[in-house]
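Okay, structure first, notes after.
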Amino acid sequence: GATFAFAVMYIVGFSAPFMRAATESAVDRMLIGGHLVGEQAVVALTRHTLEIRDVETIASEMSSLAQRTTESGCVAVMLVEPDGERLRLAAMAGPFQRLRPEWAIRRDNPILKHIAAGGEALTPRALEELLSQHSFNEADVAEFGPYLDHIVSPIAARGELVGCVLVAPKVYDSAFSIAELDTLTLISAQAGLAIHSALLFEQMRERAQTDYLTGLPNHRHLQEVVPEVVAAAEAAHSQVSVAMVDVDNFKMLNDVHGHLLGDEALKKIATALRDSLREEDIVGRYGGDEFLVVMPGANAAAATESMSRAARAVKRLSLVATGPDGAEQRLPTRISWGVATFPDSGQTVRALVSAADSQLLQQRFAMRRAGTVHTDRPTVRELLEQDPEKLRVARALLDIIDAKDPYTSEHSQQIAAFALLVSDELALPDRERYALWLGSLLHDVGKIGTPAWVLRKPGRLTPDEWDLMRAHPILGEQMVRGLLDMQEVIDIVGCHHERYDGGGYPRGLSGDDIPRLARVVSVADSFSAMVHDRPYRKGLSWAEACEELRRVAGTQLDPEMVEAFIRAVGHDQHRPAEAA
């Protein structure tokens with residue numbers, strides 16, 4: 001598999017310089033009086049070339065071997081270009097190197113095709129006879145003109161022409177022997193085998209580094225490339241930006257319309273990203289429905305503009321699903337993305353990816369709150385309309401909290417937004433969903449009775465101050481019980497500081513004894529507290545906070561609710577570790 005491929009690549013890459021030295025040494029040992037000792041020596045020698053994985057090095061080795069074998073004034077090896085249309089000079093050896101690098105032969109030149117079909121080295125005299133026996137047009141002959149006084153020996157790999165060896169007249173102007181022609185044919189055949197082996201190795205290397213579906217660099221290759229780009233930016237005192245990209249509603253697309261359409265969407269989005277960005281930008285598939293974009297030299301503003309352009313290109317894509325009745329439906333394609341820039345957002349690949357991931361999650365969260373990301377459940381506005389009286393009471397309490405401590409009010413509204421996402425993930429019935437949302441809004445209502453100087457203290461609290469703070473769940477529970485006839489909301493307010501292992505407050509409940517909705521709010525409350533900056537510490541990134549939630553799952557927090565929360569905010573990918 002891929003592991004074996006990389007092991008082979010490493011061994012070959014490490015040993016290539018030694019192989020070349022061994023080849024040159026073998027040539028010197030096998031040459032006696034300027035001539036090779038038999039075809040067996042050539043075979044033994046060219047076996048070394050079969051272990052070389054660079055086509056240019058193979059061409060250089062073969063041109064040198066052929067020149068020393070024949071004492072030609074110049075031996076050139078021409079190889080097919082990547083587009084497969086022309087053969088161009090790859091290597092030359094000898095004292096009189098007269099071929100020009102710009103000279104080329106079309107691969108479908110009829111003269112070359114005739115030579116390739118014969119499979120043997122062709123002398124200038126035999127070439128002259130070939131031209132006299134066939135009616136080649138002037139353009140084909142003119143193209144072959146510079147090589148008419150050369151021996152031409154075709155190089156084939158798996159039956160396909162991949163190049164040729166061109167041997168100029170000898171230094172001493174003597175004729176080539178039949179044995180030398182046979183040796184040239186053998187060298188060409190060995191070159192074909194070596195080139196085929198090298199091409200297979202290159203294909204294997206590319207497959208190991210390329211995502212099979214999109215054709216983009218895969219996660220493994222990104223781990224190799226991105227640190228190099230960041231290191232180059234650091235050395236040049238430059239900037240580099242990375243963007244984490246996530247496909248919106250991809251799970252729904254797969255679930256509703258099938259994986260074939262999901263694959264088509266990923267391929268189209270990959271192409272749109274690649275085509276809309278700069279040539280020097282790197283776009284790779286990071287995993288699942290995620291892509292990573294690396295933008296060398298781009299600052300945060302330029303990267304944001306580039307990603308906005310890419311998002312517009314994705315939005316213009318045409319993705320069509322066919323329903324059971326045969327009717328076609330055009331599906332929207334959208335992406336969420338977050339940008340981080342070296343060195344401002346982080347100075348390691350891990351830090352940059354984490355920062356970009358956090359920006360993506362925050363954008364995704366904002367989109368879900370705005371209703372841009374699909375949900376078929378009641379919206380916040382619809383929930384507000386369900387019970388105007390309860391809403392009036394809740395708003396009055398929130399206004400009091402806001403007047404006393406604006407941070408607590410903002411924090412409560414964020415917890416409520418998180419709660420709606422988690423309720424969708426848990427598929428809660430509408431009554432529980434409403435209770436979770438309302439309880440989240442009011443979970444800290446008991447802080448109305450906490451002294452303002454404790455709430456707003458810029459540093460850490462003393463033990464006595466903590467005692468005052470820990471009283472707010474009981475006080476809040478009493479307030480809500482007297483105003484709202486909803487036990488689920490009362491449970492949230494009174495139990496959201498209980499710990500899953502029993503070490504919380506105010507009652508020391510544990511496990512399933514803690515009301516389920518209170519366990520949800522505990523997770524959201526912990527997450528919000530971690531990502532917000534406080535006077536005495538900087539907030540964590542969203543990605544770091546999700547990792548911390550997983551770390552305390554089973555002790556402080558309910559593991560089931562932790563995973564539901566992480567899925568809800570869009571950080572449910574268990575990714576391989578990024579490069580440091």
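Counting in this note's numbering, the final residue of the sequence shown is number 580, and the numbers go up one at a time with none missing.
C-beta atoms are modelled at their ideal positions from N, C-alpha and C, and glycine is treated no differently.
How many Å lie between residue i and residue j at the Cα?
i	j	result
A139	D281	42 Å
K268	R470	54 Å
A93	G84	24 Å
A194	A90	15 Å
V569	F418	8 Å
E264	R334	14 Å
L99	A313	48 Å
R377	L428	Its pLDDT being 48, under 50, R377 is placed unreliably by the model, and the measurement read from it follows with that caveat. Those two C-alpha atoms are separated by around 10 Å.
L317	H259	18 Å
D485	S522	22 Å
D464	H497	18 Å
H472	T450	7 Å
K457	G539	17 Å
D405	D444	11 Å
S132	R220	57 Å
A301	M295	12 Å
E560	R534	28 Å
L319	V339	26 Å
A232	D275	24 Å
Q239	R309	20 Å
V27	R68	Because the pLDDT at V27 is just 41, under 50, the model does not fix this residue reliably, and the point stays unresolved.
Let me confirm a value: residue i is counted as buried when at least 16 other C-beta atoms fall within 10 Å, else exposed. Which label applies?
i	result
I178	exposed
Y147	buried
S526	buried
K447	buried
F96	exposed
W583	Absent from the model: residue 583. The displayed extent of the chain is 1 to 580, so no value can be given.
N218	buried
G215	exposed
G145	exposed
W466	exposed
E143	buried
R285	buried
R330	exposed
A235	exposed
T322	exposed
Y407	exposed
Whole-angstrom Cβ separation of residue i and residue j, contact assumed at under 8 Å?
i	j	result
L79	A59	6 Å
G192	I155	5 Å
S440	A416	4 Å
V293	V245	6 Å
P110	D149	About 20 Å separates the two Cβ atoms, so there is no contact after all.
A524	D491	The pair is not a contact, with the Cβ atoms about 15 Å apart (cut-off 8 Å).
Could you tell me which residues DSSP pairs with residue i in its beta bridges?
i	result
M244	L292, G338
M92	A76
K170	S72
S153	V165
L319	L331
E143	Paired residue(s): none; E143 is not in a bridge.
V283	V293
I105	L87
P124	Beta-bridge pairing links P124 to no other residue.
E160	A157
T210	P217
A59	None, per the DSSP bridge assignment.
L557	A553
Q: Report the residue ranges of all alpha helix (DSSP H) runs contained in full by the segment 456 to 542; include only those spanning at least 4 residues, in chain order.
A: The qualifying runs are 463 to 469, 472 to 483, 487 to 495, 516 to 531.
Q: Can you check the segment 385 to 455 for any alpha helix (DSSP H) of at least 4 residues that lies completely inside it and give the ranges in chain order?
A: DSSP runs (the alpha helix (DSSP H)) wholly in the segment 385 to 455: 388 to 404, 406 to 426, 430 to 442, 452 to 455.
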